[in-house]
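Asks: Every position in the sequence shown, counted from 1, becomes a number in the numbering used here once 2 is added. Ideal Cβ placement from N, Cα and C applies to all residues, glycine included. Computed from a predicted model, the values in this text were never measured in an experiment. Starting off with a structure, shown below.
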Amino acid sequence: MWTIGSTFGTLQKVDLKKKLVKLAKDKQCTAIGEWIQSILNHLYWCAVSTPDGNGEMIAEKWLSLNNHIVNIHTKHGRVFEKCAHGRLPAAQNRKKKWLKADSVPALKLNKVVSQKAFVRDVKKMSPSQQTYGVEVYHSIVNQFAPKMYAYSYTGMYCRLYACAKTMSMRNLSMSQIHSAVGGKNQQERGCCAV
Ligand SMILES: [Zn+2]
Numbered sequence: 003m004w005t006i007g008s009t010f011g012t013l014q015k016v017d018l019k020k021k022l023v024k025l026a027k028d029k030q031c032t033a034i035g036e037w038i039q040s041i042l043n044h045l046y047w048c049a050v051s052t053p054d055g056n057g058e059m060i061a062e063k064w065l066s067l068n069n070h071i072v073n074i075h076t077k078h079g080r081v082f083e084k085c086a087h088g089r090l091p092a093a094q095n096r097k098k099k100w101l102k103a104d105s106v107p108a109l110k111l112n113k114v115v116s117q118k119a120f121v122r123d124v125k126k127m128s129p130s131q132q133t134y135g136v137e138v139y140h141s142i143v144n145q146f147a148p149k150m151y152a153y154s155y156t157g158m159y160c161r162l163y164a165c166a167k168t169m170s171m172r173n174l175s176m177s178q179i180h181s182a183v184g185g186k187n188q189q190e191r192g193c194c195a196v
């Protein structure tokens, strides 16, 4: 089992991002560019919105992206039948444009999203948010005490103290962390890919 915040989970996410960025550079698929962040958020949402870790549910949520992105929000699968989001703004009021079903970008995106090995990994995603928080914490500590430098005990102590102080000043609770990356709000909204 891997979590979205684990090294493996992060690698998968980085790998997916690379593929999407590459795809968006394809002249026929530039429309995908504005969807990349939403797709990455959606991957995270699939895990955190499935607290029991049901692999089939996580995978169907993930694959529902292929429908959602072409403005189809129902009849996704056996266990995840329809999108969990509410009413969406009318097409003309949307920032991101829907892709056309069976268009080149939709088909190429489908290929990336539905890759068997990737979906197999997605199924194993853990809803654990703990690891994710730890990863965010380490990234903040790293800003105060970059790993490439060696510090004396006092130096390190002072840096970690400054870091802790900053974190408490920021009142960096898990809900805020999730909010910052779109997790909590997206979870409340029911679908990250909107
Ligand atoms: Zn939808």
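Beta carbon of residue 69: closer than 8 Å to some heavy atom of ligand 1?
Replies: Yes, ligand 1 has a heavy atom inside 8 Å of this Cβ.
Asks: Measuring from the CB of residue 51, is there a heavy atom of ligand 1 at a distance below 8 Å?
Replies: For ligand 1, not one heavy atom lies less than 8 Å from the Cβ of residue 51.
Asks: Can you name, in chain order, every residue of its own chain whose Cβ lies under 7 Å from the Cβ of residue 106, other than the five neighbours on each side?
Replies: 30 and 31.
Asks: Under the assumption that residue 98 contacts residue 37 (Cβ atoms under 8 Å), give the Cβ distance between them as a whole number of angstroms.
Replies: Rounded, the Cβ-Cβ distance is 6 Å, consistent with contact.
Asks: With a 10 Å radius around its C-beta and 16 neighbouring C-beta atoms as the bar for buried, classify residue 63 as buried or exposed.
Replies: Buried, because 16 or more other Cβ atoms sit within 10 Å of the Cβ of residue 63.
Asks: Mapping DSSP to helix, strand and coil, what is residue 116?
Replies: Residue 116: coil per DSSP, three-state reduction.
Asks: Please report the Cβ distance between residue 115 and residue 65, rounded to the nearest whole angstrom; I am assuming they are in contact, meaning their Cβ atoms lie under 8 Å.
Replies: Right, their Cβ atoms sit about 7 Å apart.
Asks: Our contact map puts residue 75 next to residue 68 with C-beta atoms below 8 Å; I'd like the distance itself, whole angstroms only.
Replies: Actually they do not touch by this definition, with Cβ atoms about 12 Å apart.
Asks: Using beta-carbon positions only, say whether residue 57 and residue 110 come within less than 9 Å of one another.
Replies: Not in contact: residue 57 and residue 110 (Cβ atoms no closer than 9 Å).
Asks: In the stretch 11-62, which residue ranges form an unbroken alpha helix (DSSP H) of at least 4 residues, counting only runs that do not cross its ends?
Replies: You should have 38-50.
Asks: Compute the beta-carbon to beta-carbon distance between residue 100 and residue 92, rounded to the nearest angstrom, for a pair I have assumed lies under 8 Å.
Replies: Actually they do not touch by this definition, with Cβ atoms about 11 Å apart.
Asks: Of the residues 61, 158 and 40, which one's Cα is nearest the Cα of residue 118?
Replies: Per the Cα distances, 61.
Asks: Excluding the five sequence neighbours on either side, which residues of its own chain have a C-beta within less than 8 Å of the C-beta of residue 183, listed in chain order?
Replies: In this prediction, residue 183 scores a pLDDT of 43, lower than 50, which makes its location untrustworthy; the coordinate-derived value is nonetheless stated afterwards. Only 43 and 46 meet the Cβ criterion.
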